[in-house]
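**Q** Numbering (the working numbering), first residue to last: 297 to 468.
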Amino acid sequence: EFGHSMANYKPIPLDAGYHAKDIKDSGTGYRVFFGYNVMKWLGAEVAVNYFYKPTFDGLHINGSAKDLKQQKILNNVISLAARVTVPVPNLPGVSVDAYGGVGYVARGQIEDQSKQTVLPGGEYVRPVYGATVDLNVYKGWNVQASWRQAAGSKTDQLPTSNFFGAGFYYQF
């Protein structure tokens, strides 16, 4: 799937007294997934969401005349989720899926010139959830529109991350 990803870093406080003049935290992203149906209406999915790399411009300490150079960080999610599928009545080949599971979030770190942490990097385990509308177009070939979200954590300075995408898949 290809689509639009958002990781809302604007309200996330930075360490060491730093502030950003501008944060670009949304843009093109993509998702690769593999699923297995245990029953027609119940399945599991493993997915990798590649989010747009958030870009921090004009990182500075209040009163400082010098900004840090532009910083881009990794912010991706690998997830394992259960999927429940419900056919839409009176619309042949159309179904709605609900997802819920666990995600492994990998985030890059921002440091200043003295190697002091401005935003800690790390690996986090967060709940993931979402929904999809599927349309079977021809003998196992499907198109879909989807939304996925990985919950944020104020303690870890981790924003809620969203992905809105469209794509196709083949169902065996």
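Beta carbons are placed, not taken as given, at the ideal position from N, Cα and C, and that holds for glycine.
(1) Flag this pair as touching only if the region 417-427 and the region 449-458 have three or more C-beta atom pairs under 8 Å; answer yes or no.
(2) Where do the ends of the beta strand (DSSP E) carrying N458 lie?
(3) Taking only the alpha-carbon atoms, compute the straight-line gap between A377 and T456 and give it to the nearest angstrom.
(4) Below 8 Å, can you find three or more Cβ-Cβ pairs linking the region 347-357 to the region 303-323?
(5) Comparing the C-beta of A462 with each C-beta of chain D, is any distance below 7 Å?
(6) May I ask which residues mark the beginning and end of the beta strand (DSSP E) holding A303?
(7) Taking the alpha carbon of V334 as the point to measure from, which residue in V390, R444, T381 has its own alpha carbon closest?
(8) Tell me the rounded alpha-carbon separation between V414 and G397.
**A** According to the structure shown:
(1) Touching, per the Cβ criterion.
(2) 457-466
(3) 17 Å
(4) yes
(5) Here chain D cannot be found, since the structure has a single protein chain.
(6) 298-303
(7) T381
(8) 30 Å
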